[in-house]
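Visitor:
There are 2 protein chains.
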Amino acid sequence: MTPTPDLRHRVVLFTEDDPMLLDSGGRLDHVEVAYETWGTLDADGTNAVFVCHALTGDSHATGTPDSPGWWETMIGPGRPVDTDRFFVVCPNLLGGCRGTTGPASVDPATGTPYGLDFPLLTVRDFVTVHRRLARHLGIDRVLAAIGGSLGGMQALQWALDAPTEVGRAVVIAASSRLSAQNIAFSAVARSAIMRDPEFADGRYPEGGGPRTGLAIARMMAHITYLSEQAMAEKFGRRFQDSEEPRHRFGVDFAVESYLEHQGQTFLDRFDALSYLYLTRSLDYFDCFADPTATHALARSADPTRFLVVSFDSDWRFATTHSRRIVRELERARVPVSFREVASPHGHDSFLLDNADYLDTVAAFLDQAAEGIGTAGGHDAT
Amino acid sequence: MTPTPDLRHRVVLFTEDDPMLLDSGGRLDHVEVAYETWGTLDADGTNAVFVCHALTGDSHATGTPDSPGWWETMIGPGRPVDTDRFFVVCPNLLGGCRGTTGPASVDPATGTPYGLDFPLLTVRDFVTVHRRLARHLGIDRVLAAIGGSLGGMQALQWALDAPTEVGRAVVIAASSRLSAQNIAFSAVARSAIMRDPEFADGRYPEGGGPRTGLAIARMMAHITYLSEQAMAEKFGRRFQDSEEPRHRFGVDFAVESYLEHQGQTFLDRFDALSYLYLTRSLDYFDCFADPTATHALARSADPTRFLVVSFDSDWRFATTHSRRIVRELERARVPVSFREVASPHGHDSFLLDNADYLDTVAAFLDQAAEGIGTAGGHDAT
Numbered sequence: 007m008t009p010t011p012d013l014r015h016r017v018v019l020f021t022e023d024d025p026m027l028l029d030s031g032g033r034l035d036h037v038e039v040a041y042e043t044w045g046t047l048d049a050d051g052t053n054a055v056f057v058c059h060a061l062t063g064d065s066h067a068t069g070t071p072d073s074p075g076w077w078e079t080m081i082g083p084g085r086p087v088d089t090d091r092f093f094v095v096c097p098n099l100l101g102g103c104r105g106t107t108g109p110a111s112v113d114p115a116t117g118t119p120y121g122l123d124f125p126l127l128t129v130r131d132f133v134t135v136h137r138r139l140a141r142h143l144g145i146d147r148v149l150a151a152i153g154g155s156l157g158g159m160q161a162l163q164w165a166l167d168a169p170t171e172v173g174r175a176v177v178i179a180a181s182s183r184l185s186a187q188n189i190a191f192s193a194v195a196r197s198a199i200m201r202d203p204e205f206a207d208g209r210y211p212e213g214g215g216p217r218t219g220l221a222i223a224r225m226m227a228h229i230t231y232l233s234e235q236a237m238a239e240k241f242g243r244r245f246q247d248s249e250e251p252r253h254r255f256g257v258d259f260a261v262e263s264y265l266e267h268q269g270q271t272f273l274d275r276f277d278a279l280s281y282l283y284l285t286r287s288l289d290y291f292d293c294f295a296d297p298t299a300t301h302a303l304a305r306s307a308d309p310t311r312f313l314v315v316s317f318d319s320d321w322r323f324a325t326t327h328s329r330r331i332v333r334e335l336e337r338a339r340v341p342v343s344f345r346e347v348a349s350p351h352g353h354d355s356f357l358l359d360n361a362d363y364l365d366t367v368a369a370f371l372d373q374a375a376e377g378i379g380t381a382g383g384h385d386a387t
Numbered sequence: 007m008t009p010t011p012d013l014r015h016r017v018v019l020f021t022e023d024d025p026m027l028l029d030s031g032g033r034l035d036h037v038e039v040a041y042e043t044w045g046t047l048d049a050d051g052t053n054a055v056f057v058c059h060a061l062t063g064d065s066h067a068t069g070t071p072d073s074p075g076w077w078e079t080m081i082g083p084g085r086p087v088d089t090d091r092f093f094v095v096c097p098n099l100l101g102g103c104r105g106t107t108g109p110a111s112v113d114p115a116t117g118t119p120y121g122l123d124f125p126l127l128t129v130r131d132f133v134t135v136h137r138r139l140a141r142h143l144g145i146d147r148v149l150a151a152i153g154g155s156l157g158g159m160q161a162l163q164w165a166l167d168a169p170t171e172v173g174r175a176v177v178i179a180a181s182s183r184l185s186a187q188n189i190a191f192s193a194v195a196r197s198a199i200m201r202d203p204e205f206a207d208g209r210y211p212e213g214g215g216p217r218t219g220l221a222i223a224r225m226m227a228h229i230t231y232l233s234e235q236a237m238a239e240k241f242g243r244r245f246q247d248s249e250e251p252r253h254r255f256g257v258d259f260a261v262e263s264y265l266e267h268q269g270q271t272f273l274d275r276f277d278a279l280s281y282l283y284l285t286r287s288l289d290y291f292d293c294f295a296d297p298t299a300t301h302a303l304a305r306s307a308d309p310t311r312f313l314v315v316s317f318d319s320d321w322r323f324a325t326t327h328s329r330r331i332v333r334e335l336e337r338a339r340v341p342v343s344f345r346e347v348a349s350p351h352g353h354d355s356f357l358l359d360n361a362d363y364l365d366t367v368a369a370f371l372d373q374a375a376e377g378i379g380t381a382g383g384h385d386a387t
């Protein structure tokens with residue numbers, strides 16, 4: 007891993023005197039969160055948009071031309087999450103590896119990194135940290151929580167757990183519970199990491215670790231992020247460095263070169279233990295399993311309003327996953343808009359420039375923005 | 007690997023004096039083939055059905071209740087490939103690891119196993135061996151060549167290369183060229199094997215080798231053999247040994263247990279080098295790339311008749327792959343029947359009991375059987 011990037015903010019949110027109580031019953035005595043913000047919080051603290059990142063994302067959702075973020079299409083001046091109007095917050099996830107407490111952090115009880123002694127987390131735990139961070143920033147209620155994939159699950163869980171704290175939730179390319187196939191891919195990825203001899207039961211040195219296993223995990227995951235059609239259009243059966251097949255085991259097809267590159271560059275920015283922890287949280291996520299899950303939302307005088315978005319070529323979290331979320335919310339009589347967006351790019355579509363998609367989110371957030379104390383009209387279309 | 011099973015027959019088909027010339031221009035000075043047969047060859051040698059196995063299959067296509075084969079649904083007395091009427095032949099593939107010459111065989115030039123010095127093979131090379139074996143058995147023209155997946159590709163290639171030798175070709179759940187996504191999965195599987203330190207550049211001892219990498223490869227491949235729906239029905243989010251989640255990294259979901267089992271049992275019957283070689287042959291297969299590919303077929307006075315079958319839930323080689331084969335054959339004015347069969351079981355459907363599918367194949371082979379010198383009518387339906 008490269009050194010943690012320069013983060014704008016760090017804050018200790020839980021301490022031994024005020025520990026974080028986990029969904030599992032466990033606790034963490036020290037939770038530090040790295041986060042970034044853009045724009046300015048209103049005097050009354052009502053214009054905050056909270057961005058939840060996906061599995062391998064980080065707090066750097068938007069940046070500068072020299073250091074772009076992972077969601078430039080969505081966030082920035084005049085973009086749907088308009089940093090001229092909104093105060094935008096994006097923290098690194100608990101359990102991650104970019105400055106927020108995770109398995110590579112030092113366990114205060116032992117003075118050494120947690121490794122596999124770090125507790126397994128749930129999406130509710132991620133949300134517990136988000137809620138504490140929001141309060142720390144003087145935000146009682148976010149105008150909106152927004153995220154794609156695992157990020158969307160956090161927005162959804164937050165609204166279920168504390169509907170008065172979330173004005174709107176934008177749940178993109180997400181799922182309320184993974185399918186057997188989703189879990190299967192995740193299980194193979196974790197096997198590749200944990201069986202790598204360099205994994206050493208999670209006690210590998212910083213900069214070392216199961217590089218082979220993590221690269222394999224990333225390469226495989228990448229296949230599920232793209233549609234078959236997108237892969238066909240982008241690579242087809244093209245060869246990387248020649249017109250003719252070279253008949254060898256090394257890289258020959260362009261798609262092989264792409265995957266190798268994805269696997270290798272991932273090693274510089276992500277930690278294997280975080281990959282294990284975050285994917286396992288995804289596997290166990292099943293936010294409507296408890297029959298009372300929607301009660302708080304359903305009973306709220308001013309419930310969270312939802313926008314659920316899927317992409318028609320996404321086969322990681324296909325539209326059926328989004329429809330299940332919509333159905334559960336509608337059953338609880340919660341206001342929810344649903345849009346399946348046409349896009350050839352599969353699961354990754356949520357990161358890409360797609361006018362239908364971005365306009366849909368912009369319009370939904372514009373409605374939320376009506377009445378906040380900022381200078382008026384903004385034309386999102 | 008466990009010892010090679012007791013094979014009924016072995017034969018040396020190519021020797022230093024009569025070497026096998028490879029599609030690549032290379033040669034093999036010693037090619038031995040292990041194969042099994044069922045039924046009796048007619049005096050005029052016209053009732054042979056040649057079964058081509060898929061990636062990880064072997065010659066044991068059908069057997070006894072104590073030792074069943076991998077295609078019991080298709081082959082046997084009264085089955086579509088009726089061993090009471092047909093002489094059925096199934097060899098192990100060149101490059102495989104079940105008795106036929108492959109990368110684990112001893113290189114006569116060095117006296118040590120080939121390892122990665124074994125030449126890369128094409129599907130045409132597999133067919134070259136099939137053709138020689140048929141001649142060795144006294145078969146000038148097979149009544150039919152049949153196979154699923156990589157087996158179907160061999161049947162197709164055989165008919166393209168030597169249409170007078172193949173009366174009918176049954177091409178099931180196959181492809182004329184892999185998609186970028188297909189190649190991508192294959193590339194990640196090979197990476198897992200070749201980056202496993204135990205791979206040792208292919209010079210691992212018998213019984214050793216890249217067990218982790220090979221298990222990972224197999225687990226991942228297995229996901230692509232099942233449809234998402236089949237996985238959901240078979241496993242869903244069920245836990246393996248409890249009613250409640252146990253929140254741990256070890257196996258907890260039933261689908262994890264299944265994949266672990268698939269990965270582990272595969273180690274006992276397959277060799278990592280053969281996995282590399284056979285998957286790479288698949289990647290490069292592109293049988294219609296040469297614009298003259300169908301000329302021999304098109305000009306034949308009695309061209310091979312084709313049955314092309316796909317399964318609607320197969321996402322490894324979806325119906326689009328089969329349709330491409332049909333289109334190319336029709337363009338050459340070759341007689342071809344096409345059937346997309348409804349099945350929830352994905353790519354693996356070709357191995358399963360599905361009446362529509364089996365009846366379709368039976369009827370097609372019945373037509374072929376009319377006029378061969380065996381006792382007449384057989385009701386396949």
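Protein chains in written order, with my numbering: chain V, 7 to 387; chain D, 7 to 387. The beta carbon of each residue, even a glycine, is placed where N, CA and C say it ideally should be.
Note down, in chain order, every chain D residue with its Cβ under 8 Å from the Cβ of V:V129.
Guide: Those within 8 Å of V:V129 in chain D number zero; the least Cβ separation is about 13 Å.
Visitor: Return helix, strand or coil for V:Y41, following the three-state DSSP convention.
Guide: It is a strand residue.
Visitor: Against V:D476, what residues of chain D qualify as contacts under a CB-to-CB distance less than 9 Å, listed in chain order?
Guide: Lying before the first or after the last residue shown, residue 476 of chain V is absent from chain V, which here runs from 7 to 387.
Visitor: Span of the alpha helix (DSSP H) holding D:I189?
Guide: Where D:I189 is concerned, the enclosing alpha helix (DSSP H) stretches over A186 to M200.
Visitor: D:V257 by DSSP, collapsed to three states: which one?
Guide: Residue state, collapsed to three classes: coil.
Visitor: Cutting at 7 Å between CB atoms, please list the residues of its own chain near D:L303, excluding the five before and the five after it.
Guide: These residues qualify, in order along the chain: A165, L166, P169, P309, T310, A338 and V340.
Visitor: Please tell me whether D:G173 and D:R147 are closer than 8 Å, where the distance is taken between their beta carbons.
Guide: Closer than 8 Å, so yes.
Visitor: Could you tell me the alpha carbon to alpha carbon distance between V:L34 and V:F205, rounded to whole angstroms?
Guide: Distance between the alpha carbons of V:L34 and V:F205 is about 24 Å.
Visitor: Compute the distance between the beta-carbons of V:F245 and V:A260, then report whether it is under 8 Å.
Guide: Yes; because the gap between Cβ atoms is below 8 Å, this pair is in contact.
Visitor: Considering only the beta carbon of each residue, do V:V315 and V:I178 sit closer than 8 Å?
Guide: Yes.
Visitor: Please classify V:G69: does DSSP put it in a helix, a strand, or coil?
Guide: In this structure, V:G69 counts as coil in the three-state DSSP scheme.
Visitor: Determine whether the beta carbon atoms of V:L47 and V:L156 lie at a separation below 8 Å.
Guide: Not a contact, by the Cβ cut-off of 8 Å.
Visitor: V:H36 by DSSP, collapsed to three states: which one?
Guide: Coil.
Visitor: Under a CB-based cut-off of 8 Å, is V:Q187 close to chain D?
Guide: Cβ-Cβ to chain D under 8 Å: yes for V:Q187.
Visitor: Quick check on V:M159: does DSSP put it in helix, strand or coil?
Guide: Reduced to three states, the DSSP call for V:M159 is helix.
Visitor: Does any residue of chain V bring its CB to less than 8 Å from the CB of D:T62?
Guide: Not an interface residue.
Visitor: Can you pull the chain V neighbours of D:L3, defined as C-beta to C-beta under 9 Å?
Guide: For chain D, the structure presents residues 7 to 387; residue 3 of chain D sits outside this window and is missing.
Visitor: Quick check: is the beta carbon of D:I222 nearer than 8 Å to any beta carbon in chain V?
Guide: Output row for D:I222: interface = yes.
Visitor: Pick helix, strand or coil for V:R141, following the three-state DSSP scheme.
Guide: Three-state DSSP puts V:R141 in a helix.
Visitor: Chain D beta carbons: is any one of them nearer than 8 Å to that of V:L282?
Guide: So, interface residue.
Visitor: Tell me the rounded alpha-carbon separation between D:E250 and D:L265.
Guide: If you take the alpha carbons of D:E250 and D:L265, they lie about 20 Å apart.
Visitor: Does the region 107 to 118 of chain D come close enough to the region 270 to 287 of chain D that 3 or more CB-CB pairs lie under 8 Å?
Guide: The answer is yes - the region 107 to 118 of chain D touches the region 270 to 287 of chain D, with three or more Cβ pairs under 8 Å.
Visitor: Give me the chain D residues within the contact set of V:A198, using Cβ-Cβ distance strictly less than 7 Å, ordered along the chain.
Guide: Going along chain D in sequence order, the residues near V:A198 (Cβ under 7 Å) are A198 and I222.
Visitor: In or out: V:D258 buried (at least 16 other Cβ within 10 Å) or exposed?
Guide: Buried, because 16 or more other Cβ atoms sit within 10 Å of the Cβ of V:D258.
Visitor: Spatial neighbours of V:V5 within its chain, please: C-beta separation below 7 Å, excluding the five flanking residues on both sides.
Guide: An answer regarding residue 5 of chain V cannot be provided, because it is not within the stretch 7 to 387 covered by chain V.
Visitor: Can you tell me where the beta strand (DSSP E) with V:G388 in it begins and where it stops?
Guide: Outside the displayed span of chain V (7 to 387) sits residue 388 of chain V, for which this structure offers no information.
Visitor: Nearest-angstrom Cα distance between V:G102 and D:D296?
Guide: Each residue's alpha carbon lies about 51 Å from the other.
Visitor: Judging by CA-CA distance, which residue of D:T326, D:A54 and D:D292 is the nearest neighbour of D:S182?
Guide: Closest by alpha carbon: D:D292.
Visitor: Using beta carbons (cut-off 8 Å, strictly below), is D:F191 in contact with chain V?
Guide: Chain V contact via Cβ: present.
Visitor: Check whether chain V comes within 8 Å of D:S248, counting only Cβ atoms and requiring the distance to be less than that.
Guide: It does not: the Cβ of D:S248 has no partner Cβ on chain V nearer than 8 Å.
Visitor: Just how far apart, CA to CA, sit V:L19 and V:V129?
Guide: Those two C-alpha atoms are separated by around 17 Å.
Visitor: For a test of the three-state rule: what should DSSP assign to D:V94, helix, strand or coil?
Guide: The answer is strand: DSSP assigns D:V94 an E or B state.
Visitor: Between the beta-carbon of D:E234 and the beta-carbon of V:S185, is there less than 8 Å?
Guide: Yes.
Visitor: Taking the alpha helix (DSSP H) that V:G219 falls in, what are its first and last residues?
Guide: From DSSP, the alpha helix (DSSP H) with V:G219 extends over R217 to Y231.
Visitor: For the region 165 to 184 of chain D, which residues have a CB atom closer than 7 Å to at least one CB atom of chain C, in sequence order?
Guide: Protein chains V and D are contained in the structure displayed, whereas chain C is not.
Visitor: Any Cβ of chain D within less than 8 Å of the Cβ of V:L99?
Guide: Cβ-Cβ to chain D under 8 Å: no for V:L99.
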